[in-house]
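The numbering of the sequence shown is UniProt numbering, which starts it at 1 and goes up by one.
Even for Gly, the Cβ is constructed at its ideal location relative to N, Cα and C.
Below is one structure, written out as structure tokens; the observations come after it.
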Amino acid sequence: MKGRIKRITIICEGYEEFDYLLRLLHLGLWNEKYTVRIKNAKSLTNIPPVYQSEFQNDNADLVVVFCDTELYPYEQFKAVCDKIDRFHDKRVSKYVVYFSNPCTMQVQLSHFAPVSLETNSKHRNSPVIRELTGVDNYRARDEQRRLINKQIDERNYYIMKENLEHLSRDYRVKPSTNFITLLNYLENPDSSWVGRISRKL
Numbered sequence: 001m002k003g004r005i006k007r008i009t010i011i012c013e014g015y016e017e018f019d020y021l022l023r024l025l026h027l028g029l030w031n032e033k034y035t036v037r038i039k040n041a042k043s044l045t046n047i048p049p050v051y052q053s054e055f056q057n058d059n060a061d062l063v064v065v066f067c068d069t070e071l072y073p074y075e076q077f078k079a080v081c082d083k084i085d086r087f088h089d090k091r092v093s094k095y096v097v098y099f100s101n102p103c104t105m106q107v108q109l110s111h112f113a114p115v116s117l118e119t120n121s122k123h124r125n126s127p128v129i130r131e132l133t134g135v136d137n138y139r140a141r142d143e144q145r146r147l148i149n150k151q152i153d154e155r156n157y158y159i160m161k162e163n164l165e166h167l168s169r170d171y172r173v174k175p176s177t178n179f180i181t182l183l184n185y186l187e188n189p190d191s192s193w194v195g196r197i198s199r200k201l
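This is the structure we're talking about:
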């Protein structure tokens with residue numbers, strides 16, 4: 001069944017991640033070998049039960065997570081990983097959890113310039129968000145999210161990937177993200193990685 005289209009479900013933390021992932025999906029840059037569904041868990045703490053439900057319902061060939069690490073010492077993020085590990089009865093969260101430290105805005109702003117956010121505070125990040133996107137006093141309101149995401153296009157998608165390459169993939173480092181790994185997977189015409197990860201679960 002190597003040629004079958006693979007169904008991927010991405011569970012995201014909240015509306016910022018959901019809107020951003022939808023924008024990336026609609027750019028049409030991921031390989032046609034995959035159908036991607038994005039599900040909003042609506043909070044970091046909701047991710048483990050949503051993950052378990054999606055996995056048990058067998059609605060996808062692979063279920064993965066995209067979320068923030070939140071603040072040091074990253075207790076909520078580590079709790080998400082631990083609960084996924086306990087659900088599978090083995091340490092497998094590193095294969096299915098994709099993160100951004102300190103927040104998803106680190107990834108989004110990377111479409112426009114190399115950035116190094118030190119906090120997930122919307123107030124403290126507001127000046128750089130305004131500088132790069134023109135969106136003032138960012139508070140993650142619906143219209144603000146829409147204005148940022150509509151500026152994301154094919155050209156700056158690849159700029160974002162170049163900028164992410166320079167970041168650490170260790171969640172304990174600020175800034176860091178392993179999101180580029182998921183992007184590379186979704187662009188790959190060889191879908192055998194889905195089976196490789198699934199067999200570890």
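| Query | Result |
| --- | --- |
| Below 8 Å on the Cβ atoms is my contact criterion, and I expect Thr-177 with Asn-101 to pass it. Report the Cβ-Cβ distance as a whole number of Å. | 7 Å |
| Quick test of your reading: Asn-156 and His-111, contact by CB under 8 Å. State the CB separation rounded to the nearest angstrom. | 4 Å |
| Just the Cα atoms here: how many angstroms apart are Cys-67 and Gly-3? | 30 Å |
| Apply the 10 Å Cβ neighbour rule to Leu-131 and answer buried if 16 or more other Cβ atoms are within range, or exposed otherwise. | A small correction: the amino acid at residue 131 is Glu; Leu does not occupy that position in the sequence shown. Glu-131 is exposed by the Cβ-count criterion. |
| Do you know offhand how far Met-1's Cα is from Gly-195's? | Residue placement at Met-1 cannot be trusted, given a pLDDT of 41 that sits under 50; the coordinates are not used to answer. |
| In the DSSP assignment, what are the bridge partners of Phe-99? | Cys-67 |
| With distances taken from CA atoms, which of Thr-133, Asn-137, Ser-116 and Glu-143 is nearest Pro-175? | Ser-116 |
| Per DSSP, what kind of secondary structure is Ile-152 in: helix, strand or coil? | coil |
| Can you grab the Cα-Cα spacing for the pair Leu-29 / Arg-7, in whole Å? | 16 Å |
| Hey, is Phe-55's beta-carbon within less than 8 Å of any beta-carbon in chain D? | Given the protein chain composition of this structure (a single chain), no chain D is represented. |
| Of all the options Tyr-15, Gly-14, Leu-24 and Ile-11, which has the alpha carbon lying nearest to the alpha carbon of Met-160? | Leu-24 |
| Which residues in the same chain have their Cβ closer than 8 Å to the Cβ of Ala-140, if we skip the five residues on either side of it in sequence? | Tyr-15, Glu-16 and Lys-122 |
| Quick check on the burial criterion: 16 or more other C-beta atoms within 10 angstroms. Buried or exposed for Glu-54? | buried |
| Nearest CA to the CA of residue 204: which residue from Val-97, Glu-187, Glu-118 and Met-105? | Past the edges of the chain, shown from 1 to 201, lies residue 204, and the structure says nothing about it. |
| Could you tell me if Gln-108 is buried or exposed, where buried requires 16 or more neighbouring beta carbons within 10 angstroms of its beta carbon? | buried |
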